[in-house]
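One structure below.
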Amino acid sequence: MENEKKRGLFNLRKNDKPDLEPEDTTPTLRYFFKLLWRKAGKLMTLNLMMMPMYILLLIALIVYFLGNNKVPAMESALFAPLFGTAMMGNSPTANLLLGTVAKQVNMPYLTPGRIAIIAVLVLLTVLTFGWQNIGVTYNMRSLIRGDSCFLGSDYFYAIRRNLKQGFFFGLLDALLIIILAVDLFYFNALSGEGFFFGFTFVMIIAISIIYMIMRFYIYYMMITFDLSLKKLLKNALIFVTLGIKRNLMALLGIVLVVVANFALIILCLQFNFTLPIILPFFYLPALAFFMAGYAAWPVIQRYMIDPYVDQNGENNESAEAAAAAEEETVTPPPAAD
């Protein structure tokens, strides 16, 4: 009896509290901030693990822009025709216009060594892009669900479980992101040239937004269910509309956080305060991942896991492992984890 009293005195996990109600874990906006506060430490640690996803590209940009390998170049494309006009006619007007566009800038040019370094850095990022997303997504799913989470071991465990599919989809994912980014810059420059280019630019923006939302779901389904690449893309496209409210809220939250960081950086640079330039690297990527996952996982839970819970009376983990091997969209084959 004495031992039981001692255990009861020092046991901080006692359940004999009649006034203690179970916490409401409904994925609402209020619970989002509560969960974000609880997991802030692990999110910052996970953010450090995400650095290889973008730090190599930043190093590649530094290699491209910094250094002594630069050549003077004219900033305006009007310099060449105006220079020719001034040389031929020696017109005061042409000389005046030439002076307004004669500003020179030092443009970096690539040496063979620089090209090799940049190519290696970009190639490493592309080849490991899918694996890095899988490792981060697995940990993020545990944080959102409230499961126990060992960031390092879980990160590599998820990669081993999805080694092949993660690699090939990572290549496709990186390729699509590069293509959409190039198209955005290209058609933005031509958007004022006519209706066709303006309409194409708007369509590229729409496609980019849709694919960005699809990415909220693809990696979560990949680590949870045994689905082909075709079904991953098809289900993700369906979830764009099924979870439209949560998707738009997550997208809006990510945009607001990014804009707020840029505004803070611009404001602080006016006072020669450069610390805000570095700070986003320690929290912004993980925060954006958390917003996307918090929006996506409840939708996946509702349409791909809960039907098996209701049908078979199993808990979530058992339902994920025993999801029927059906070849239908949204109701997937057996779960991988």
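Using the working numbering, the first residue of the sequence shown is number 82, and each one after it goes up by one.
Each residue gets a CB set at the ideal place from its N, CA and C atoms; glycine is no exception.
| Item | Value |
| --- | --- |
| Go to Met-125, then tell me how far its alpha helix (DSSP H) extends in each direction, as first and last residue. | 121 to 130 |
| Quick one: which unbroken beta strand (DSSP E) runs of 3-plus residues sit fully inside the segment 241 to 323? Chain order, please. | none |
| Alpha carbon to alpha carbon, how far is Ile-325 from Phe-306? | 22 Å |
| Am I right that Leu-232 and Leu-127 are in contact with their C-beta atoms under 8 Å? What's the rounded C-beta distance? | 6 Å |
| So for Phe-343, helix, strand or coil by DSSP? | helix |
| Can you give me the Cβ contacts of Ile-299 inside the same chain, cut-off strictly under 6 Å, excluding the 5 residues immediately before and after it? | Leu-313 and Ala-317 |
| Based on Cα-Cα distance, which residue from Ala-341, Trp-378 and Leu-138 lies nearest to Ala-200? | Leu-138 |
| Going by DSSP in three states, Ser-229 sits in which element: helix, strand or coil? | coil |
| Tell me which same chain residues have a C-beta within less than 8 Å of the C-beta of Leu-129, skipping the five on either side of it? | Phe-363 |
| Relative to the alpha-carbon of Leu-333, which residue among Gly-251, Ala-369, Ser-289 and Ser-309 has its alpha-carbon at the smallest distance? | Ala-369 |
| Taking 8 Å as the threshold (C-beta atoms), are Gly-374 and Ala-221 in contact? | Per the sequence presented here, residue 221 reads as Met, with Ala not at that position. Taking 8 Å as the Cβ cut-off, Met-221 and Gly-374 qualify as a contacting pair. |
| Whole-angstrom Cβ separation of Ile-291 and Val-321, contact assumed at under 8 Å? | 6 Å |
| Consult DSSP for Phe-363 and reduce its assignment to one of helix, strand or coil. | helix |
| Classify Arg-383 as buried or exposed, calling it buried when 16 or more other Cβ atoms lie within 10 Å of its own Cβ. | exposed |
| In chain order, what residues of the same chain have a beta carbon less than 6 Å from the beta carbon of Gly-247, not counting five sequence neighbours either side? | Gly-211, Trp-212 and Ile-215 |
| Leu-124 and Ala-367: beta carbons closer than 8 Å? | yes |
| Anyone know if the C-beta pair for Phe-297 and Ala-377 falls short of 8 Å? | yes |
| Is it buried or exposed for Arg-327, if we count other Cβ within 10 angstroms and need 16 for buried? | buried |
| Go ahead and label Asp-105 buried or exposed: buried means 16 or more other beta carbons lie within 10 angstroms of its beta carbon, across all protein chains shown. | exposed |
| So what's Tyr-190 in DSSP terms, helix, strand or just coil? | coil |
| Count the other CB atoms, across all protein chains shown, that sit within 10 Å of the CB of Val-217; report buried if there are 16 or more and exposed otherwise. | buried |
| Helix, strand or coil for Thr-109? Go by DSSP, reduced to three states. | coil |
| To the nearest whole angstrom, what separates the beta carbons of Ser-229 and Leu-265, a pair I think is in contact under 8 Å? | Incorrect: roughly 41 Å between the Cβ atoms, too far for contact. |
| To the nearest angstrom, how far is the alpha carbon of Phe-146 from that of Ile-140? | 10 Å |
| Buried or exposed, going by whether 16 or more other CB atoms sit within 10 Å of the CB of Lys-86? | At Lys-86, the pLDDT of 49 sits below 50, so the modelled position is not reliable and the matter cannot be decided from this model. |
| For Glu-408, which three-state DSSP category applies? | Below a pLDDT of 50, predicted positions are generally treated as unreliable, and Glu-408, at 37, falls in that range; no measurement from the model is reported. |
| Alpha carbon to alpha carbon, how far is Met-372 from Ile-346? Give it in angstroms, no decimals. | 22 Å |
| Note the first and the last residue of the continuous alpha helix (DSSP H) segment covering Pro-133. | 133 to 146 |
| Under three-state DSSP, which class holds Ala-377? | helix |
| Could you pull out every residue in the same chain whose Cβ sits closer than 8 Å to the Cβ of Thr-109, ignoring the five residues on either side in sequence? | none |
| Got a sec? Which residues, its chain only, sit under 6 Å from Pro-361 by beta carbon, not counting five neighbours each side? | Asn-342 |
| By the three-class DSSP mapping on this structure, what secondary structure does Thr-209 have? | coil |
| Could you check whether Leu-252 and Val-203 sit closer than 8 Å to each other, using their CB atoms as the reference points? | no |
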